[in-house]
Amino acid sequence: YYIYRGESLPYLVGVSPTNGSTDVPVDTNLEITFSENVTPNTGAIVIHKTGDDSVVVSIDVVSASVTGGGTNIITVDIPTDLDDDTEFYVLIDEDTFVGDETTFNFVGIDDPTTWSFTTIDEPDPPAEDDDDTGGRNGSTGGKRHTTRSVADGMAITTSSEIEALQIRLIELLRLLIQKLTEMQSQV
Numbered sequence: 002y003y004i005y006r007g008e009s010l011p012y013l014v015g016v017s018p019t020n021g022s023t024d025v026p027v028d029t030n031l032e033i034t035f036s037e038n039v040t041p042n043t044g045a046i047v048i049h050k051t052g053d054d055s056v057v058v059s060i061d062v063v064s065a066s067v068t069g070g071g072t073n074i075i076t077v078d079i080p081t082d083l084d085d086d087t088e089f090y091v092l093i094d095e096d097t098f099v100g101d102e103t104t105f106n107f108v109g110i111d112d113p114t115t116w117s118f119t120t121i122d123e124p125d126p127p128a129e130d131d132d133d134t135g136g137r138n139g140s141t142g143g144k145r146h147t148t149r150s151v152a153d154g155m156a157i158t159t160s161s162e163i164e165a166l167q168i169r170l171i172e173l174l175r176l177l178i179q180k181l182t183e184m185q186s187q188v
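For what it's worth, my numbering labels the leading residue of the sequence shown as 2, then goes sequentially.
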């Protein structure tokens with residue numbers, strides 16, 4: 002994705018999420034790194050769904066959603082979360098950015114294969130128990146546990162995920178105790 006017009010600058014040196022990346026968070030921002038400092042000019046950054054080429058969002062480069070003008074890193078705050086488990090591609094209009102050093106305009110991205118990524122498959126929100134179990138599923142009054150926490154980089158969102166984590170922790174504790182016992186017997 003190093004796109005440039007002859008010796009004219011600026012050109013892309015990187016994008017985030019990277020081209021072809023998967024498991025991208027649905028609330029991601031876009032980041033564009035240029036070869037030189039740039040200033041937003043005119044045009045839009047447009048995110049499309051790959052499956053049907055539909056436009057998800059079009060962001061004017063002079064809007065408050067686009068920051069970093071005057072630097073070589075432009076950040077694009079996508080105003081809404083993207084659909085999960087979906088492939089997207091990003092197109093950028095020609096002349097959207099002008100180089101501060103060369104005063105040449107960025108040639109844009111017009112090929113859907115230049116910058117694409119797939120969002121993470123997020124679990125469906127847990128269903129609520131309406132059977133009035135009186136809190137049998139914890140102290141939530143019959144609703145499933147939905148407290149979010151992070152352990153080892155993994156978001157915990159449902160009772161089954163918490164139970165799986167508890168089992169894994171017990172296995173790790175048993176392994177730790179076994180190793181400590183072995184070490185102690187060698188001393």
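Using N, Cα and C, we set each Cβ at its ideal position, and we do this for glycine too.
- Contact between Val27 and Ile121 holds, with the beta-carbon distance rounding to 7 Å and staying under 8 Å.
- DSSP, reduced to helix, strand and coil, places Glu183 within a helical segment of the structure shown.
- The beta carbon of Lys50 sits closer than 7 Å to those of Val57, Thr87, Phe89, all from its chain and outside the five residues before and after it, given in chain order.
- In this structure, the CA atom of Pro113 is about 19 Å from the CA atom of Asp61.
- DSSP, reduced to helix, strand and coil, places Glu95 outside both helices and strands of the structure shown, so it counts as coil.
- At a Cβ-Cβ threshold of 8 Å, Ile79 and Thr119 do not count as neighbours.
- Inside the stretch 46-101, DSSP marks whole beta strand (DSSP E) runs of 3 or more residues at positions 56-61, 72-77, 88-93, 98-100, from first to last along the chain.
- In the structure shown, Ile171 adopts helical secondary structure according to DSSP, grouped into three states.
- For Asn20, no beta strand (DSSP E) run applies, since DSSP gives it neither H nor E.
- Contact check for Glu32 against Ser17 passes: the beta carbons are separated by less than 8 Å.
- By the Cβ neighbour-count rule, Pro126 is exposed, with fewer than 16 other Cβ atoms within 10 Å of its own.
- As computed with DSSP, Ser117 is found in a beta bridge with Tyr90.
- With a cutoff of 8 Å on beta-carbon distance, Thr76 and Asn42 are scored as not near each other.
- Using a 10 angstroms sphere on the CB of Ile171, the tally of other CB atoms stays under 16, which defines it as exposed.
- Out of Glu95, Gly71, Asp94, Asp85, the CA that lies nearest to the CA of Glu102 is found in Gly71.
- Between the beta-carbon of Gly109 and that of Ile93 there is about 5 Å, and that keeps the pair under the 8 Å contact cut.
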